[in-house]
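Novice: For the record, the sequence lines run as chains H and C.
UniProt numbering applies: residue 1 is where the first sequence begins, and numbers increase by one.
UniProt numbering applies: residue 1 is where the second sequence begins, and numbers increase by one.
Note that the Cβ used here is the ideal one computed from N, Cα and C, for glycine as well.
All figures in this text were calculated on a predicted structure; none of them were measured in a lab.
Pasting in a structure now, in C-alpha cells, and then I'll have a few things to ask.
There are 2 protein chains.
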Amino acid sequence: MAQGGGSASATRPGKRERLVSAARELVYFKGIAGTSLADIANAADVPVGNVYYYFKTKNEIVGAVVRTYEDQLQTLVSEVERRHQSPEARLEAFVAVLVEHAVAATERYGTQYGCPYGTLSSELAMRAEGPDPLAATLMRIQLDWTEQQFRAMGRADARDLAIELLAAYQGAAVLTSTLGDAELLTRRGQRLQQWIDELAVGRPAR
Amino acid sequence: MAQGGGSASATRPGKRERLVSAARELVYFKGIAGTSLADIANAADVPVGNVYYYFKTKNEIVGAVVRTYEDQLQTLVSEVERRHQSPEARLEAFVAVLVEHAVAATERYGTQYGCPYGTLSSELAMRAEGPDPLAATLMRIQLDWTEQQFRAMGRADARDLAIELLAAYQGAAVLTSTLGDAELLTRRGQRLQQWIDELAVGRPAR
DNA sequence: GTCTATAAACGGATAGAC
DNA sequence: GTCTATCCGTTTATAGAC
Numbered sequence: 001m002a003q004g005g006g007s008a009s010a011t012r013p014g015k016r017e018r019l020v021s022a023a024r025e026l027v028y029f030k031g032i033a034g035t036s037l038a039d040i041a042n043a044a045d046v047p048v049g050n051v052y053y054y055f056k057t058k059n060e061i062v063g064a065v066v067r068t069y070e071d072q073l074q075t076l077v078s079e080v081e082r083r084h085q086s087p088e089a090r091l092e093a094f095v096a097v098l099v100e101h102a103v104a105a106t107e108r109y110g111t112q113y114g115c116p117y118g119t120l121s122s123e124l125a126m127r128a129e130g131p132d133p134l135a136a137t138l139m140r141i142q143l144d145w146t147e148q149q150f151r152a153m154g155r156a157d158a159r160d161l162a163i164e165l166l167a168a169y170q171g172a173a174v175l176t177s178t179l180g181d182a183e184l185l186t187r188r189g190q191r192l193q194q195w196i197d198e199l200a201v202g203r204p205a206r
Numbered sequence: 001m002a003q004g005g006g007s008a009s010a011t012r013p014g015k016r017e018r019l020v021s022a023a024r025e026l027v028y029f030k031g032i033a034g035t036s037l038a039d040i041a042n043a044a045d046v047p048v049g050n051v052y053y054y055f056k057t058k059n060e061i062v063g064a065v066v067r068t069y070e071d072q073l074q075t076l077v078s079e080v081e082r083r084h085q086s087p088e089a090r091l092e093a094f095v096a097v098l099v100e101h102a103v104a105a106t107e108r109y110g111t112q113y114g115c116p117y118g119t120l121s122s123e124l125a126m127r128a129e130g131p132d133p134l135a136a137t138l139m140r141i142q143l144d145w146t147e148q149q150f151r152a153m154g155r156a157d158a159r160d161l162a163i164e165l166l167a168a169y170q171g172a173a174v175l176t177s178t179l180g181d182a183e184l185l186t187r188r189g190q191r192l193q194q195w196i197d198e199l200a201v202g203r204p205a206r
C-alpha cells in the first residue's frame, strides 16, 4: 500500500499526507458533501484521477480525516496531561485549546466556523443509515477522557458532567458558527472554565 | 405566483405545500446537500421537472423550509405563552417541546437525529461564503425570545443565560445524534429544566 | 397551469498509457 | 508508481408539448 501508512518517518511531505491535509481543511469549511475530489486534489496539487491510487473511495479519504482528528485529540490530551497535574486544570486547559483552535481558524479566514469534530461527526451521523460508529468516535474519545478527569475530581456523576461540559462546548460552537459571532465561543469558554473551577472548589452534589 | 402564498386559506393540500413539507422532512434527515430535487419531488408526488414551476431554484426551496421553521417557532412560543404565565414555566415548556420534537422524530424512524433548527442552520452557515443572515434567523428568534423570558425573571444577564440555555440544548442535540443515544437528550432536557427552576428560586447572581 | 423530455454540468470512479 | 483521458450516473435546470 504505497509508501507507508500514516505517521511513519517518510522522507518528504508525501502526496498522501497532502491529500488528507487538504481534505481535512476543505471538509471543515465546506462539509463532506460540499467538498469534491477535484477540490481536494486541486488543493493538494495532485492530479485529479491520481487520488484513487491513494484512496479507493471518497469515504476512505473521510475515514483518513477522522483518523487524523483521532490522533490530534490523542496528542492534545497527552500534552494537556503532561503540562497540568490536577484534573480541573487539565479540563480547563482542554477547553482552552478547543476554543483556541476554532478562533485560530476564524482568524485565518473570514467567516466563523464551528467545532471541526462536531460538524464532521454530525455530518457522518446524518449520512449514515443507522447509528454510525465512525460518527461517534471523536465524541466518545473526548467524553471518555473528560469523564476520567471528573472522576479524578471525586465526582460520582462524572459521566453526566462530561456530557454537560462537551454539550455546552458543542452548542456554543453551533451558535458561534450560525450567528457568525466569534466572541461568543470565547466568552462561553471562559464561563465553562469558571464552572469547572466552582466544581473543583467544593459544592459536592450541586 | 401560483395559487396563494403560504398560510392562505387554500381549498386543498396544494402541491407547493407538499413540496415544502417533503423538503423539510428530507432536509432534516439527509441534509440540504444530501437531498436532491428528485427526492423532494418524488416524496411529494410531483413530477420532477415540475418543481421549477413553484421554485426557481433549490435555494428557494430551502428558503421556504426555513420560513416554515420560522412560522413553527412563532406558533410554538405563542402557544407556550398562552399556556404558561411565569417566564420560568414558559422556558421549561419551551425546552420540553424542543426535546419532544426530536424524540418524536426518533420514534418515527430508526436512527437518532439532532435539532432540526441547529442542523439546518449549521449547514446554511457552512455553505455560505460570508456570514449568512438566513443561517442566523432561526437561532436568533429562539435567542431573543429566551432572553426576553430571563429578563422577565429579573435577570440582568438575560442574554448570556439565553445563550447558555440554547447552547446547552444544541450541544445535547449534537451529542445525541452523533452517539445515537436517544435518552441523552431527554436526560439533558430534564437537567435544563431543573437549572431553570434553580435560577427562578433565587440565587440572584450565580 | 401541468407535466415530459432533455439539456448542461458535475460528481465519483475506472482503464490504461507512460 | 504516476498521471491522462474518459466513462457513467446524478443533479440542477430549461424548453416546450399538452
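Does His-101 (chain H) come out as helix, strand or coil in the three-state DSSP assignment?
Specialist: As a first step, residue 101 (chain H) must be located in the first sequence, where it is residue number 101. DSSP places His-101 (chain H) in helix when its eight states are reduced to three.
Novice: Comparing alpha-carbon positions, which option in C:Arg-16, C:Gly-154, C:Lys-58, C:Leu-185 lies nearest Ile-163 (chain H)?
Specialist: In the first sequence, counting from the first residue as 1, residue 163 (chain H) sits at position 163. That would be C:Leu-185, whose Cα lies nearest to the Cα of Ile-163 (chain H).
Novice: Who are the near neighbours of Ala-125 (chain C) in its chain, counting only those whose CB is closer than 7 Å to its CB and skipping five residues on each side?
Specialist: In the second sequence, the residue the question calls residue 125 (chain C) occupies position 125. Result list for Ala-125 (chain C): Asp-132, Ala-135, in chain order.
Novice: Judging by CA-CA distance, which residue of C:Gln-170, C:Ser-177, C:Glu-92, C:Ala-102 is the nearest neighbour of Phe-150 (chain C)?
Specialist: Indexing the second sequence from 1 puts residue 150 (chain C) at position 150. The shortest Cα separation from Phe-150 (chain C) among C:Gln-170, C:Ser-177, C:Glu-92, C:Ala-102 belongs to C:Glu-92.
Novice: Taking Cβ positions only, does Val-97 (chain H) come closer than 7 Å to chain C?
Specialist: Locating residue 97 (chain H) in the first sequence gives position 97, counting from the first residue. For Val-97 (chain H), the answer is no, since every Cβ of chain C falls outside 7 Å of its Cβ.
Novice: Name, please, each residue of chain C whose Cβ falls closer than 9 Å to the Cβ of Pro-116 (chain H).
Specialist: Position 116 of the first sequence holds residue 116 (chain H). Within 9 Å Cβ-Cβ: nothing; Pro-116 (chain H) doesn't reach chain C, min ~12 Å.
Novice: By the criterion of Cβ-Cβ separation under 7 Å, what are the contact partners of Tyr-169 (chain H) in chain C?
Specialist: For the purposes of this step, residue 169 (chain H) is taken as residue 169 along the first sequence, with counting starting at 1. The answer, in chain order, is Gly-171.
Novice: Check distances from the C-beta atoms of the segment 116-131 of chain H to those of chain C and list, in chain order, the residues that come in under 8 Å.
Specialist: Listed in sequence order: Gly-118, Thr-119, Ser-121, Ser-122, Glu-123, Leu-124, Ala-125, Met-126, Arg-127, Ala-128, Glu-129, Gly-130, Pro-131.
Novice: Could you round the C-beta distance between Gly-34 (chain C) and Ala-96 (chain C) to whole angstroms and report it? I think they count as a contact, below 8 Å.
Specialist: Counted from its first residue, the second sequence places residue 34 (chain C) at position 34. Counted from its first residue, the second sequence places residue 96 (chain C) at position 96. Their Cβ separation, rounded to whole angstroms, is 30 Å, which puts Gly-34 (chain C) and Ala-96 (chain C) out of contact at 8 Å.
Novice: If you draw a straight line from the C-alpha of Arg-159 (chain H) to the C-alpha of Ala-156 (chain C), how long is it?
Specialist: The residue labelled residue 159 (chain H) in the question sits at position 159 within the first sequence. The residue labelled residue 156 (chain C) in the question sits at position 156 within the second sequence. Taking the straight line joining both Cα atoms gives about 32 Å.
Novice: Looking at chain H, is there any beta carbon in it that lies within less than 7 Å of the beta carbon of Gly-180 (chain C)?
Specialist: For the purposes of this step, residue 180 (chain C) is taken as residue 180 along the second sequence, with counting starting at 1. It does: the Cβ of Gly-180 (chain C) has a partner Cβ on chain H nearer than 7 Å.
Novice: So, do the segment 69-84 of chain C and the segment 31-51 of chain C have three or more beta carbon pairs nearer to each other than 8 Å?
Specialist: Flag = no, the segment 69-84 of chain C and the segment 31-51 of chain C do not touch.
Novice: Could you tell me which whole alpha helix (DSSP H) segments of length 4 or greater appear in the segment 141-192 of chain H?
Specialist: Runs found: 158-179.
Novice: At a CB-CB cut-off below 7 Å, which residues of chain C make contact with Lys-30 (chain H)?
Specialist: Walking along the first sequence from the start, residue 30 (chain H) turns up at place 30. Going along chain C in sequence order, the residues near Lys-30 (chain H) (Cβ under 7 Å) are Met-126.
Novice: What does a CB cutoff of less than 6 Å around Glu-25 (chain C) pick up in its chain, not counting 5 residues either side in sequence?
Specialist: As a working note, residue 25 (chain C) is residue 25 in the second sequence. There are no such residues.
Novice: Establish whether the CB of residue 243 (chain H) and some CB of chain C are separated by less than 7 Å.
Specialist: No answer is possible for residue 243 (chain H): the residues shown for chain H start at 1 and end at 206.
Novice: Excluding the 5 residues preceding and the 5 following Phe-55 (chain H) in the sequence, name in chain order all residues of the same chain whose CB lies nearer than 6 Å to its CB.
Specialist: Position 55 of the first sequence, counted from the first residue, corresponds to residue 55 (chain H). These residues qualify, in order along the chain: Ile-61.
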